[in-house]
Structure formats: C-alpha cells, structure tokens
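Written below as structure tokens is the structure these notes are about.
In this note's numbering, the protein residues as written are 124 to 618.
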C-alpha cells in the first residue's frame with residue numbers, strides 16, 4: 124500500500140482507541156504474508172478512525188508502514204448496522220467522544236471485549252476462565268449528560284474571534300461549541316456568559332504558542348445530588364490588590380470582574396466562583412492554588428450516604444451514577460465484616476476510604492496530593508467517621524516505609540492488612556508497591572483500574588506471587604468514549 128492510495132475496506136474489528144480495523148489485499152513485498160490469504164496475495168491491515176465493525180468504506184491511506192497503515196475515512200459506502208446518528212453535531216470533529224456514532228449496546232460489548240482481551244494477552248489469563256469470572260458490564264440507562272465536571276479551553280479562531288469548546292482529537296485545535304452532550308445543561312449558560320464578558324471587556328484568550336493571553340480554561344463542577352455549581356477560571360496572570368476603601372484590599376483578577384460574578388451568581392445553584400492563577404507555559408490545566416472571589420471554596424455532593432466537599436483541585440469521579448456502582452462493587456469485593464484493617468492506596472479525597480470505613484474496623488488512606496489529603500480528613504470529620512486515617516505521600520513510598528518501620532518497632536512481627544484497595548492512575552502500580560502488598564499478606568486485594576492494559580500487567584505479577592484472580596466487573600463510567608473502569612478481586616491462595 125502506498126500513501127494517498129484510495130481503497131475500499133470492510134471493517135472487521137475495532138481497536139483499543141475506537142478506530143475501525145480492516146484488511147485489504149496488497150502486492151508489495153513490504154507487507155507480511157497472511158497465512159489465510161491465497162498464495163501470491165498479501166493482506167494489509169488498516170486502522171481507520173470514525174469507522175466501525177460492519178462498515179464498508181472508502182479510505183485514503185495517510186501513513187503506510189511495513190504490514191499496516193492508517194487511513195482517513197473518505198466515504199461510507201455501506202453503513203454498519205451498529206451505526207447511529209450522533210446526538211452531537213461535532214462528535215466526529217471533537218476529541219471528547221470517540222465512539223458516539225456507535226450504538227450504545229455495541230459500545231458496551233466493545234469495552235467488555237477490550238478488557239477481556241487485555242487480560243488474556245497481557246495478563247496471560249485463560250479465556251474460558253475469564254468467561255466464568257467476568258460479570259456482565261454495567262452500563263447506563265441514559266448515557267448522556269452524565270459528567271459532573273468539565274474543563275473548557277479558550278482560544279481564537281482563524282478570524283481572531285474568541286472561542287471555547289473541546290480540542291479536536293490528538294490536537295490542541297479547539298472545536299467551537301458550548302453545549303457538550305456529555306455535560307450538564309448549565310455549562311452552556313456559563314460559557315456563553317463568559318464569552319460575552321470577554322468580548323465586551325476585551326479579555327484575551329490564552330495562546331499556547333506564545334504564552335500570552337488572559338483566560339486559559341474554565342472548570343465547571345456540578346453536584347448531581349445537591350445541585351450546587353462551581354466555576355473556576357484558570358488565568359494566565361496574578362491578581363492585583365485594590366486598595367479602594369470600599370473593596371477592603373480585595374484582589375482584582377480581571378477588569379470589571381464583579382459584572383461577570385454578578386451574572387454568574389444569578390444562576391440557580393451557583394455556590395462557588397474562584398480563580399486559579401497559572402502562568403507557566405505548559406499543557407497542565409489547573410494552577411496549584413485557587414482563590415475564592417464569590418461564595419465558598421467548595422461544593423458538596425454525595426455518594427450513597429457519604430457527603431463530600433469538593434474543591435477546584437479535588438479529584439472526584441466525573442460520573443456520579445456509575446460511581447455508586449463502581450464503589451459499590453469495590454465494597455462488595457472487599458467483603459468487610461467490621462473487624463478488618465484496610466489500606467486504600469491512591470485514595471484522593473477519601474471517596475472509597477469513607478465508604479469502606481462504614482464496614483471496616485480501621486481504614487488507612489494514602490494520597491500524594493496535599494489538598495486531597497486535607498479534603499479527605501475534612502470529609503471524614505463532616506461525616507463523623509473516626510476510623511479513617513490519611514497519609515500524605517506517594518503510595519510507592521508510604522506503604523513500603525510503613526512496612527519497614529513496623530518491623531523495626533515490632534521485632535519479630537510483620538505489618539498486616541486484611542484488605543488492600545488500589546485505584547492507581549493509568550500507569551498502574553510500581554512493582555515495589557505490589558511487592559509490599561504481597562508481603563503484607565492481605566487476604567483480598569481489590570484493584571480499581573482506568574486502564575485494563577496496566578491492570579493486566581499488575582495482575583500477572585500478583586498471580587505470580589500467591590494470588591488468584593476471582594472476579595472481574597467492568598463499569599462504563601465514560602459512555603461515548605473508549606475509556607472504561609474495571610474492578611477486580613484478587614484472593615490470596617491458601618498455603
């Protein structure tokens with residue numbers, strides 16, 4: 124296959140990033156011979172974004188490798204039976220949704236298969252055994268409007284107009300729209316008020332190339348239970364003190380900022396308006412601090428009966444409906460009876476920790492972000508939970524150090540845990556942490572993962588160190604995207 128060649132392809136599979144996979148005949152020695160192809164024919168694999176299983180498409184090759192390539196979808200000749208009309212007109216352009224044009228039932232099947240294949244290929248688990256222990260994926264009844272958090276970048280179009288929206292896939296080019304189908308309706312009102320204010324008062328949008336401009340992003344959070352709303356503006360500037368007697372030294376961040384605050388404060392449920400200064404030239408969205416300019420520094424929301432205070436810098440799951448299912452499954456797998464000591468690693472603001480604490484004897488949470496640890500301790504306090512203690516630091520440092528210090532202070536004894544819960548970032552757990560978890564001889568390990576590839580890698584290590592994979596539950600936290608969460612139960616093999 125050659126670059127710019129146009130081919131007709133039947134899509135037979137779907138890749139981990141949601142791209143369609145098809146194969147075409149080729150006659151170049153650069154392509155590897157496929158054992159299933161007739162003698163003299165070669166099969167060439169193409170990855171085609173925006174196509175799906177069952178489509179027959181016309182595609183233009185944009186990158187040709189030895190045995191595979193990437194192609195741009197030019198025309199759908201015969202649509203798949205799984206193809207649906209997307210709810211958002213920008214679905215194909217915007218990088219927020221990768222598979223909105225796929226019927227939701229097929230999205231769920233794709234995600235379940237994706238996790239199973241990673242457990243097979245990377246973890247080395249038997250396919251028949253996985254069929255037995257994998258529970259049906261938990262999807263949503265209404266897979267739109269589920270996000271309680273959104274971060275919108277600001278920029279300018281080719282004509283110099285200020286715009287906001289989401290980045291196009293694999294770029295930082297903003298697709299201009301204010302009504303994301305995955306977010307809550309109030310987002311649109313907040314964004315349009317902000318755009319009007321910027322245009323009226325000549326507030327510039329941030330330019331990533333030059334590092335110039337005032338407004339970088341706006342963060343919007345929404346409490347699904349409490350209906351409270353938070354708005355945080357990420358600014359490429361510091362505030363200036365206004366020493367007018369009427370303002371009592373209040374910091375001013377933007378010209379006529381009170382006009383914007385007054386307009387936003389009229390929105391029902393508005394609870395917190397803040398700014399986060401971020402003057403470094405980087406792709407990091409939030410600054411490392413924030414200042415309230417109206418209302419309080421947090422909103423509140425609930426998971427089950429547990430109340431949480433959420434600040435602009437807090438990590439909190441974006442899909443509250445599915446979060447209850449996810450954490451409910453983690454609690455079920457932990458199988459607590461009130462006598463257990465539990466470690467919750469990568470605990471964030473204590474979301475899982477405080478749920479576990481309702482059924483455990485003692486819970487220890489570990490989190491690297493100082494603000495999150497402060498939030499976790501405060502959340503324990505406001506819920507009257509006294510059997511949860513939180514450590515600040517890397518889980519990879521805190522747990523091994525605790526284990527080593529316990530051995531020194533208790534000669535002849537080992538630090539033990541009945542249950543260990545881990546919810547790491549996409550990179551998974553470092554081997555040193557997994558090793559300490561094994562040494563602590565927890566009866567059960569509950570692993571919550573947002574990346575089934577690193578999950579499979581870590582489970583393979585744990586199975587080599589005396590643990591057995593017992594249950595797997597996939598939860599669709601992010602409909603219309605390729606991302607998915609998985610909860611697994613590992614049990615210690617009896618010696």
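All residues carry an ideal CB built from backbone N, CA and C; glycine is no exception.
Residue i burial status per 10 Å Cβ neighbour count (16 or more: buried)
i           : result
residue 536 : exposed
residue 228 : exposed
residue 244 : exposed
residue 460 : exposed
residue 131 : exposed
residue 158 : Model confidence at residue 158 stands at a pLDDT of 45, short of 50, so the residue's coordinates are unreliable; what they give is reported in the following sentence. When all chains shown are included, residue 158 counts as exposed.
residue 412 : exposed
residue 293 : exposed
residue 162 : The pLDDT assigned to residue 162 is 45, lower than 50, so where the model puts this residue is not dependable; a value taken from the coordinates is nonetheless given after this. With fewer than 16 other Cβ atoms within 10 Å, it is exposed.
residue 385 : exposed
residue 505 : exposed
residue 200 : exposed
residue 134 : buried
residue 401 : buried
residue 527 : exposed
residue 264 : exposed
residue 154 : Residue placement at residue 154 is poorly supported in this model, since its pLDDT is 34, which falls under 50; the coordinates are not used for a value here.
residue 519 : buried
residue 150 : Caution applies to residue 150, whose pLDDT of 40 falls short of 50 and renders its modelled position unreliable; the model cannot decide the point.
Contact check, residue i vs residue j, beta carbons under 8 angstroms
i           : j           : result
residue 259 : residue 603 : no
residue 296 : residue 346 : no
residue 610 : residue 571 : yes
residue 196 : residue 182 : yes
residue 410 : residue 350 : no
residue 337 : residue 374 : no
residue 172 : residue 142 : yes
residue 616 : residue 584 : no
residue 431 : residue 474 : yes
residue 376 : residue 398 : yes
residue 343 : residue 291 : no
residue 316 : residue 387 : yes
residue 169 : residue 145 : yes
residue 416 : residue 433 : no
residue 567 : residue 612 : yes
Per DSSP, the bridge partner or partners of residue i
i           : result
residue 147 : 167
residue 335 : 330
residue 340 : 276 and 357
residue 195 : 183
residue 291 : 217
residue 555 : None, per the DSSP bridge assignment.
residue 515 : 490
residue 172 : DSSP output for residue 172 lists no bridge partner at all.
residue 592 : 613
residue 267 : Partner(s): none; residue 267 has no beta bridge.
residue 539 : Residue 539 pairs with nothing; no bridge assigned.
residue 286 : 278
Element boundaries [alpha helix (DSSP H), containing residue i]
i           : result
residue 581 : 575-586
residue 235 : 227-244
residue 257 : Element bounds for residue 257: not the alpha helix (DSSP H) but the beta strand (DSSP E), 257-261.
residue 320 : 309-324
residue 498 : 493-505
residue 544 : Premise fails: residue 544 lies in the beta strand (DSSP E), 542-545, not in any alpha helix (DSSP H).
residue 384 : 380-388
residue 572 : Premise fails: residue 572 lies in the beta strand (DSSP E), 567-572, not in any alpha helix (DSSP H).
residue 474 : 474-480
First through last residue of the beta strand (DSSP E) which encompasses residue i
i           : result
residue 393 : 393-400
residue 613 : 608-615
residue 433 : 429-433
residue 451 : Looking at the DSSP string, residue 451 is not in any beta strand (DSSP E); the run it does join, the alpha helix (DSSP H), is 443-457.
residue 490 : 485-490
residue 528 : Counting along the chain, residue 528 falls outside any beta strand (DSSP E), though it belongs to the alpha helix (DSSP H) covering 518-532.
residue 599 : Residue 599 -> no beta strand (DSSP E), and no H or E assigned at all.
residue 134 : 129-137
residue 468 : 464-468
residue 249 : It is not in any beta strand (DSSP E) - residue 249 carries neither H nor E in the DSSP assignment.
residue 424 : 422-426
Beta-carbon separation (whole angstroms), residue i vs residue j, contact threshold 8 angstroms
i           : j           : result
residue 549 : residue 573 : 6 angstroms
residue 318 : residue 339 : No, residue 318 and residue 339 are not in contact; Cβ-Cβ is about 15 angstroms, not under 8 angstroms.
residue 456 : residue 234 : 19 angstroms between Cβ atoms; not a contact.
residue 479 : residue 465 : 5 angstroms
residue 380 : residue 436 : Not really, about 21 angstroms apart at Cβ, beyond 8 angstroms.
residue 223 : residue 209 : 4 angstroms
residue 488 : residue 529 : Rounded, the Cβ-Cβ distance is 17 angstroms, inconsistent with contact.
residue 441 : residue 467 : With a Cβ gap of about 20 angstroms, residue 441 and residue 467 do not count as contacting.
residue 511 : residue 541 : Not quite, the Cβ-Cβ distance comes to about 15 angstroms (not below 8 angstroms), so this is no contact.
residue 477 : residue 508 : 6 angstroms
beta-carbon residue i near the ligand GTP non-hydrogen atom, thresh 7 angstroms
i           : result
residue 381 : With respect to small molecules bound, the structure shown includes none, and the ligand GTP cannot be examined in it.
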